[in-house]
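Numbering (the numbering used here), first residue to last: 478 to 1260. For glycine and all other residues, C-beta sits at the position ideal for the given N, C-alpha and C.
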DNA sequence: TAACCCATCTTTTTT
DNA sequence: AGATGGGTTA
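The following block contains the structure:
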C-alpha cells in the first residue's frame, strides 16, 4: 500500500504546510479567489498531484493559476514548465488565460502545447538518433492510408480484401499502446492479411524512414525510443522540466502515459488534471486506467477532488450525477453546487413522433427562448451522431434560424487545400513522394496510373524517391513522348518554383505555383456548385500563410495544427456532436436522439460491451453537464437510419434519470406524438396507448436504480461480461416476446414478413417487400 | 482518359 | 438515402 492522501474537502489545515505557507506572506489575490480545494491544488506544487476535477469545477482555472503561482513564487521560469494539452485549441486557451494572470512573460512558455507539438519539437532536436533527418515530414491520416495501400500492394496482398484503412486502425492502435512491431503480442493482428499485419507494420515503418517521415503516432513513439535508448537525452529533459502539468488526463493513451512517466521520473513534480467521468475517447485509445493507476505509479501522490460546481443548477447537476452513478468503473465524485437558484428548472424530457418533428419542436423551443430575450449563442444542440444534424439544419433553414455547425470537415482537410499543400510540399521538400503523387496529374496532364506505376518501379529498383525517378526518366525513351513532355514540363516548373523559394515572399510564390500549375484554372473551369467555394478557400489559404515567416514554417505549422478558428461573431445556435461539446458550456442545451441503438450507440455496445455502455453513459453525462440553466432531452419514436425507417425504444439512460430532477413533458402537439392515441399511421402500439415515461418510472431497471441509490450502494458488481450484457438486454426490453422464430407477421408500414431472430422484444423480420429489419414486437401483429 | 455503373458502407475525432 | 470508391465501358 502506498502512502497516499485522499483529500475530499480540505481547507488549509491548521499548522499544515499550506497554512504556514499562507501565513508567511500575504495571499496573492489570484489565489484568494479560489475555493479551498482549488487552492490546495494550486499550492501543492511539489511532488505528484492528481486533481480529479468534475464538470464545471474550475479545472482550467486551477491549471492556469497553478502555473501563474509557480512563476510568481519564483519556483520556475516559464521555460521550465511543461504543460500538455490534447488540442491546439486547449493550448491556445491556456496560454491566453495564463497571459491574463501573469502578463507578457507567458511568451516564454516554450513548452506549452499538445503532446504532438511538444513531441515534434523534441524529435527535431534529436532526429538523427532515431534514424530521421530533422527535416522529417509529418504525414496526416490521408497520406498514412495511401502509404499503407502501397505497402499492402507491394507485399502482394489483395488490398480489397484487407483494406488499408483497417491496417491503419490496427497500427494506430498499436502505436497508441506504445507498441513497436517487435512488441506486438503474437496474434494481436488477428486474421488481418492472414496474420501478416505485423509484417506490414514493419514494412510501413521502413517506408516511413525512407521517406524521412513520421505519422502522428510516431511522434510519440519515437520520443519513447529516444528517451529509452539515450538516457543522457532523457536526463537533459529531466533537468529542463522542473514542473509538469497535464490537462484532460483521462484522455491519455498508453504511449502518452509512458512518455509522461519517463519525463516525470526526473523531478516528480507532475500534476495531472482530469475527470474519469468525462472519459469519452476510449475508442481511440484513451485509457481511463491511467487515472486509476496514478497513485500506484507515483507513490505518495496527493489526490485532490474538485466537486464544487460553478456551472449548472442543482436540478441539472442532480440529474447528471444520478445518471453517472450507474457506472461501476469510476473513482466517484459527488458534485454539488452552492448556487441559490430558486428559478432553477428541472431537466425536461420530451418525445416526438420522428426526427422531423423533433427538429420542429426544438426549433419552436429555441424561438420561444429567443422571444424571451435569450441569445442563440447561449443555446446548443448536442447530438450523438452527425447524421442527426441534418434534420436540424433543414428545419432551421426553413425557419431562417441562424445556426452554426461545429466540427465537420476541417479546413485543411478539404480536397483543394490538400492539393495546394501538396504542391507546396513538393517545392519545399523535393522528396515528398506522397505529395507528388497526389498532384502529379491534378489538373490532368496525361500522366496516368501507368506512368505513375512506371515511376514507382524505377524509383524502387534504384532506391530513390519517385520525384527523382521522374527527373531521370524524362531523359530516357522509356516514357511515351506525350507523357514525357508533360512530366518534363512539370518537373521544370517545380525546379523553377524551388528557385524562387526564399527569394520572393512565400505567399506570392504560393499564388504563382497555383496559377502556373493550372490548378486555379482547373477550378475556374469547373462548373459544379462548390467550385467557387473552393477558389475562395484557396484564397483564404494564402491569406492565412501571411502569418508565417516562410513556406517551411507554414508547412510545419499545418501538419500539426489542422484546425482553424472560425470565430463567427453572429448570434447562432450551435449544433455539434456530444464529443466536440466537451469542455464547452451553454445556458440551454438540447439533447435529441436518446433512443436505444443510437444513444447508447448499438456499435459501442456490440464492440465493447459494458465498457462501451459506460462510455456512452459518460457521454450522456458530458451532455447534460454542458447546460448551465436548461437541459432538455428528446426521444423520437421513429427515425430513418440508412434510408429506412426504424421504430425506437427510449434510451435506457432515460430510465436512469432521477424523477426528482426531471419533468416529463406531455406531448400535446397534433403532429402525433406518443400519447396521441391512434393518430400515428403506424397503427396500434404500446406507445400510442400510454405515456411511456409513466411506464418508464416503474420499469424494473428504474426501480433497481432507485433502490441502489437509496441504499447508497453502487449497482452490484458483475465480473462476467456475458451476464451483464444479458442484464442490459433485459433492462432495455422489459418483457419477453411472445412471438416465435419463423412466424409470419404483419407490419403496418413494411407489410408481411417472417421472423428470423428474437432478442427480448426486438424482432428481426425478413419482410417480403421491405427487406430485413429490426422491429419492436408491438409494431407487428400475428397473421 | 473520362464517363458511368455498381457495390459497399455508414459513431464518436485529434494530432 | 447518399456518398464514396473501384471497376468497366466508350
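- Residue pairing by DSSP places residue 792 opposite no residue, since no beta bridge is assigned to it.
- Separation of residue 901 and residue 990 (C-alpha to C-alpha, rounded to the nearest whole angstrom) is 8 Å.
- In the three-state reduction of the DSSP assignment, residue 689 falls in the coil class, being assigned neither a helical nor a strand state.
- According to DSSP, residue pairing for residue 720 in a beta bridge involves 558.
- Burial check for residue 536: the Cβ neighbour count within 10 Å reaches 16 or more, so the residue is buried.
- Contact annotation: the region 544-564 does not touch the region 701-713, with fewer than three C-beta pairs closer than 8 Å.
- With a 10 Å radius around the Cβ and a threshold of 16 neighbouring Cβ atoms, residue 590 comes out buried.
- Runs of the beta strand (DSSP E) lying entirely within the region 1017-1067, each at least 3 residues long, are 1050-1054 in chain order.
- When rounded, the separation of the alpha-carbon atoms in residue 803 and residue 1133 is 8 Å.
- Contact between residue 558 and residue 544 holds: CB atoms are separated by about 6 Å, below the 8 Å threshold.
- If the five residues before and after residue 919 are omitted, its C-beta is found closer than 8 Å to the C-beta atoms of 896, 996, 999, all from its own chain and listed in chain order.
- Secondary structure note for residue 816: it is in no beta strand (DSSP E), with a DSSP letter that is neither H nor E.
- A direct Cα-to-Cα measurement between residue 917 and residue 1122 gives close to 45 Å.
- It is roughly 15 Å from the alpha-carbon of residue 1118 to the alpha-carbon of residue 1069.
- Under the Cβ criterion (8 Å, minimum of three pairs), the region 605-621 counts as touching the region 680-696.
- Bridge pairing for residue 1112: 828 [DSSP].
- Secondary structure of residue 972 (DSSP, three-state): helix.
- In the structure shown, the three-state DSSP call for residue 610 is coil.
- Non-local beta-carbon contacts of residue 808 in its own chain, meaning distances under 8 Å to residues more than five positions away in sequence, involve 529, 753, 768, 769 in chain order.
- Three or more beta-carbon pairs separated by less than 8 Å are not found between the region 637-648 and the region 590-609, which leaves the two stretches without contact.
- Pairing residue 668 with residue 643, the inter-Cα distance amounts to about 12 Å.
- Under the Cβ criterion (8 Å, minimum of three pairs), the region 559-579 counts as touching the region 724-735.
- Around the Cβ of residue 690, a 10 Å sphere holds 16 or more other Cβ atoms; the residue is buried.
- DSSP, reduced to helix, strand and coil, places residue 586 outside both helices and strands of the structure shown, so it counts as coil.
- With 16 or more other CB atoms across the displayed protein chains lying within 10 angstroms of its CB, residue 521 is buried.
- In the structure shown, the three-state DSSP call for residue 581 is helix.
- Here residue 1123 carries a strand assignment [DSSP, helix/strand/coil].
- Straight-line spacing of the CA atoms in residue 716 and residue 765 works out to 29 Å.
- Excluding five sequence positions before and after residue 542, the CB atoms of its chain that fall closer than 6 Å to its own CB belong to 507, 519, given in chain order.
- In the assembly as shown, residue 1001 is an exposed residue. Its beta-carbon has fewer than 16 other beta-carbons within 10 Å.
- Under DSSP, the beta-bridge partners assigned to residue 751 are 529.
- For residue 1140, the enclosing beta strand (DSSP E) has its first and last residue at 1139-1141.
- Annotation: residue 852 to residue 839 spans about 15 Å, alpha carbon to alpha carbon.
- Taken through DSSP and simplified to helix, strand or coil, residue 1234 comes out as strand.
- Per DSSP, reduced to three states, the secondary structure at residue 1217 is coil, with no helix or strand assignment.
- Ranked by Cα distance from residue 747, the options 861, 825, 778 are led by 778.
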